[in-house]
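Scroll down for the structure; my scribbles are underneath it.
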Amino acid sequence: MSKEIVIEPATRLEGHAKITIKLGKDNKVEDAHFSVTLTRFFEKFLEGRLMERVVRITPRICGICPEAHHLASISAVEDAWGITPPKPALKLRDLLAQAKQIASHALHFYALAAPDFLVGPLAEPQYRNVVTVIKELPDAGKKALELMRVGQDLCFLIGGKAVHPVTCVPGGQSRPLTEEERDEQLKRIERGLELTNFTVDLAKKVVNDYMDVITKLGVFESYYIGLANEGVHTIYGDATVRIQSPDGKIVEDFPKRDYLNYIAEHVAPHSYATHIFYKKVGYPDGIWRAGPLGRINVVDKMETPLAQEALKEFRDALGRPCHATLAYNWARIIELVQAMEKAKMLLEDPDIVSTDIKLADVEPREGEGIGIVEAPRGLLIHHYWSDEKGICRKANLIVATNHNIATVEKSFLVTAKQIFEEKIHEKLKLPEPMIKT
Amino acid sequence: MPVKIALAQLGSCWGCYQSFMDNYEGLLDILPELEIVFWHTVTDFKYKDLESYEDGSIDIGTIEGVCRTEEDLHILKLMRKKCKVLISLGSCSTYGGIYGLLNLYTMDEALKRKFIEAESVAEPAIPDEDVPKMLDFIVPNRKIVEFDAFLPGCPPTKEDIANALVGLLKGELPPPPKRTLCDECPREKSEVITIRQLKRDYEGIPDPDKCLLEQGYICMGPATREGCGALCTSAGVPCRGCYGPGPNVIDQGAKMISALGSIVDYEVISPEELVEKVGDAAGTFYNFFLPSGIISKTVRKAK
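First to last, the protein sequences are chains A and B. Residue numbers for the first sequence follow my numbering, so the first one is 60 and each next one is one higher. Residue numbers for the second sequence follow my numbering, so the first one is 500 and each next one is one higher.
Listed below in structure tokens is the structure:
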């Protein structure tokens with residue numbers, strides 16, 4: 060007797076997916092499928108568009124991280140046309156990347172992940188969500204909303220719109236930051252640092268309470284991928300792409316423009332999102348995890364002091380590389396700390412209010428351009444071919460989530476085996492939820 | 500009694516719901532009034548829960564996104580059946596949106612580019628197990644089911660969404676637009692606009708206070724409805740028309756072509772130069788509107 064457990068749709072994630080677990084005799088787990096049930100074919104309809112408009116179209120790939128797409132897109136266009144914008148423009152873009160990291164990580168932690176820990180993994184679905192957190196833990200709920208807002212308001216200011224930013228133009232930025240705006244944002248960041256400390260404390264409590272679950276459930280070895288600048292954690296700007304093997308060695312550290320030599324896509328018949336893997340090792344052995352855990356594993360250190368302390372604490376507890384899927388949430392908090400510190404550094408830089416942010420003479424030319432940044436959920440690659448009139452003739456995109464599809468699927472398989480075959484959920488130490496329903 | 504609400508996501512990016520979330524502290528006033536019975540990114544209700552509710556038992560439903568797959572189509576029809584009031588949220592749902600640009604190509608061409616020809620694809624194949632079938636073309640959702648109100652924008656501003664929800668809780672539908680984007684744009688414009696030079700968005704450094712169209716940048720303001728507060732033009736870049744057509748305009752692209760045609764000085768710019776400079780007519784004039792435009796049907800017939 061075999062049966063299928065279908066979870067449709069997969070919830071508390073952005074996007075469209077379903078999970079199918081195939082059970083055989085005696086609840087033996089035969090397979091687990093993670094089917095992404097939607098794709099929108101940006102790769103095709105970018106063809107024929109003006110390159111400067113491509114930059115304004117691609118944010119619509121993701122409403123949570125449109126800034127990352129806007130930034131990868133403009134880098135690819137400027138690379139194709141051989142343009143280097145003024146330094147202050149690049150600093151504004153870096154600030155935009157940090158602002159999004161703050162907003163997205165806060166949203167991900169409080170709205171997508173934390174309900175499992177705060178309301179408890181066994182709570183009924185009508186309660187296991189951020190609305191319950193807001194209603195039942197009003198103090199934490201308010202702070203969560205305030206923290207998301209610190210990041211998102213800064214996205215709005217630098218990007219012109221928080222959802223689907225518009226200010227990156229080939230050659231620079233369309234709008235400078237005024238001194239008054241900068242001063243106001245510096246105050247907001249101070250408050251943001253307080254809110255981050257609160258979040259770190261909450262996350263530490265959750266991590267300690269659930270340590271048994273984190274270190275036992277869904278743990279498996281994989282490769283890891285992420286950007287680093289001379290080994291230092293970086294989400295935007297000068298960096299190389301690092302690949303780490305399951306035993307912790309940095310096996311590649313290559314320039315962005317060489318990505319096609321190392322990174323490839325496998326088309327799974329059951330998913331519209333492709334599975335990304337390490338070309339030299341092949342599929343499926345070369346699958347990896349990207350995003351917070353991938354980045355935290357591949358880097359030697361963080362760029363900012365408080366984040367570096369947090370990384371040390373993480374590594375003391377879980378080692379390097381850390382293969383625990385649920386440690387993503389802890390890694391995310393370390394990155395939140397860095398983004399907040401980095402945003403402060405950038406706002407304190409006098410260049411950030413410079414008006415020298417756009418080249419006046421920009422000419423399109425025929426060429427290929429590659430833009431790679433770290434989106435909150437992982438490495439993001441935009442690759443375009445421009446003709447001499449500045450029209451996009453071809454586009455290749457590898458988006459953040461795709462790096463993780465194969466490993467997410469594997470984590471379902473590993474976890475399903477633990478639950479259906481070993482009944483691990485009856486043995487794990489689960490704390491009393493902070494919110495009782 | 501809290502009002503029951505279902506927030507559905509079809510083929511989309513979550514940007515409209517992100518915009519709703521961006522109300523932050525404002526959510527504290529709205530959320531207690533609502534009982535969320537479906538919202539897959541935020542809550543754990545499944546399709547079978549939505550299917551199990553009685554027809555017409557949900558007070559308010561919102562639809563974000565287009566019907567890209569058969570699954571989207573099923574959810575759209577299901578939502579119409581289950582919800583008393585159905586709101587179209589954003590320009591994808593309202594006009595067909597940016598993903599509607601794929602209507603310029605066939606589905607076969609799209610599948611081939613993404614899964615067979617893409618430079619990074621190692622083992623080409625087209626997914627066909629356990630995935631919903633792709634629909635050939637995007638059509639605006641209102642051609643499939645009836646809506647009670649439309650809140651366009653890519654995304655609609657957080658204020659638009661909050662105001663609409665507060666209104667709906669009192670039984671009021673959002674008001675229709677009265678003006679164009681130009682009417683709410685803070686940039687200075689002349690009585691009569693004449694364009695003697697056309698510029699691409701990256702050319703030069705635009706004057707921060709003057710009308711962008713007057714400076715030669717193609718700005719969709721004249722063909723676009725008010726509502727966003729002129730966010731893009733305030734940030735130094737031309738409007739791309741994401742809120743859709745202005746009052747009494749049927750085809751946003753045709754309106755913009757006609758507006759542009761009437762303000763260009765043809766003694767300086769020939770019609771051929773104009774076409775050459777525009778470079779991409781479909782993307783320029785129909786970025787968010789192609790499936791609702793007359794042109795889309797022509798393209799489809801030609802294929």
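Positions of the beta carbon are idealized from the N, C-alpha and C atoms, including for glycine. As the structure is a prediction and not an experimental result, all values here were calculated from the model.
Asked, Found
"Could you spell out where the alpha helix (DSSP H) holding A/His164 opens and where it closes?", "Lys146 to Leu166"
"If we count the other Cβ atoms within 10 Å of its Cβ and call it buried at 16 or more, is B/Lys677 buried or exposed?", "exposed"
"Just to confirm my understanding: we take B/Lys669, look at its own chain, exclude 5 residues before and 5 after, and list those with CB closer than 8 Å. What are they?", "none"
"Just tell me which of A/Ile133, A/His92 and A/Ile66 has its CA closest to the CA of A/Tyr331.", "A/His92"
"Less than 8 Å between the beta carbons of B/Cys515 and B/Pro674, yes or no?", "no"
"Among all the DSSP beta bridges, which residues are the ones paired with A/Ser94?", "A/Lys77"
"Chain A beta carbons: is any one of them nearer than 8 Å to that of B/Ala722?", "no"
"With a threshold of 8 Å, are at least 3 pairs of Cβ atoms found where one atom belongs to the segment 467-485 of chain A and the other to the segment 68-88 of chain A?", "yes"
"Per the contact definition of three or more C-beta pairs closer than 8 Å, is the segment 563-573 of chain B in contact with the segment 613-625 of chain B?", "no"
"Report the neighbours of A/Asn455 on chain B: residues whose CB is nearer than 7 Å to its CB, in chain order.", "Ala617, Glu618 and Ser619"
"Can you check which of these residues, A/Asp375, A/Cys381, A/Pro490 and A/Ile80, is closest to A/Val65 by C-alpha distance?", "A/Ile80"
"Sorted by chain position, which residues of the same chain lie with C-beta nearer than 8 Å to B/Gln696's C-beta, five sequence neighbours on each side aside?", "Gly715, Val767 and Ile768"
"Hey, does A/Pro180 have any beta-carbon neighbour from chain B nearer than 8 Å?", "no"
"Between which two residues does the alpha helix (DSSP H) carrying A/Asp138 extend?", "Pro125 to Trp140"
"Give the list of continuous alpha helix (DSSP H) stretches no shorter than 4 residues that lie fully inside the segment 165-238 of chain A.", "173-177, 189-195 and 197-218"
"Can you find a C-beta in chain B that's less than 8 Å from the C-beta of A/Phe104?", "yes"
"Looking at chain A, which residues of the segment 765-799 of chain B have a Cβ within less than 7 Å of any of its Cβ atoms?", "Gly778, Asp779 and Gly782"
"Taking the alpha-carbon positions, what's the B/Ser592 to A/Ser132 distance?", "25 Å"
"List, in order along the chain, the chain B residues whose C-beta lies closer than 9 Å to that of A/Asn188?", "Ile535, Trp538, Val541, Thr542 and Asp543"
"Does any residue of chain B bring its CB to less than 8 Å from the CB of A/Lys417?", "yes"
"Could you please give the first and the last residue of the uninterrupted alpha helix (DSSP H) stretch that includes A/Val114?", "Met110 to Ile116"
"Under the DSSP definition of a beta bridge, which residues are partnered with A/Asn455?", "A/His442"
"Compile a chain-ordered list of the residues in the segment 142-175 of chain A whose CB is closer than 8 Å to at least one CB of chain B.", "Leu166, Ala170 and Leu171"
"Contact check, A/Phe101 vs A/Ile120 under 8 Å by CB: the rounded distance?", "6 Å"
"Taking the alpha-carbon positions, what's the A/Val467 to A/Thr363 distance?", "30 Å"
"In whole angstroms, what separates the C-alpha of A/Ala287 from that of A/Ile309?", "11 Å"
"Taking buried to mean at least 16 other C-beta atoms within 10 Å of its own C-beta, is B/Asp528 buried or exposed?", "exposed"
"Is A/Arg500 helix, strand or coil when you go by DSSP?", "In the structure as shown, chain A starts at 60 and stops at 496, and residue 500 of chain A therefore has no counterpart that could be examined."
"Helix, strand or coil, according to DSSP, for A/Glu311 in the structure here?", "strand"
"Counting only C-beta atoms, is A/Val340 closer than 8 Å to chain B at any point?", "no"
"Within its chain, find whatever has a CB closer than 7 Å to the CB of A/Phe176; leave out the 5 residues flanking it on each side and keep chain order.", "Val265 and Tyr269"
"Name, in chain order, the residues that DSSP records as bridge partners for B/Thr568.", "B/Met633"
"Secondary structure at A/Leu286, three-state DSSP: helix, strand or coil?", "strand"
"Does the beta carbon of A/Val225 sit closer than 8 Å to a beta carbon anywhere in chain B?", "yes"
"Tell me the residue span of the beta strand (DSSP E) that contains A/Val65.", "Lys62 to Ile66"
"Taking just the CA atoms, how far does A/Arg99 sit from A/Ser233?", "29 Å"
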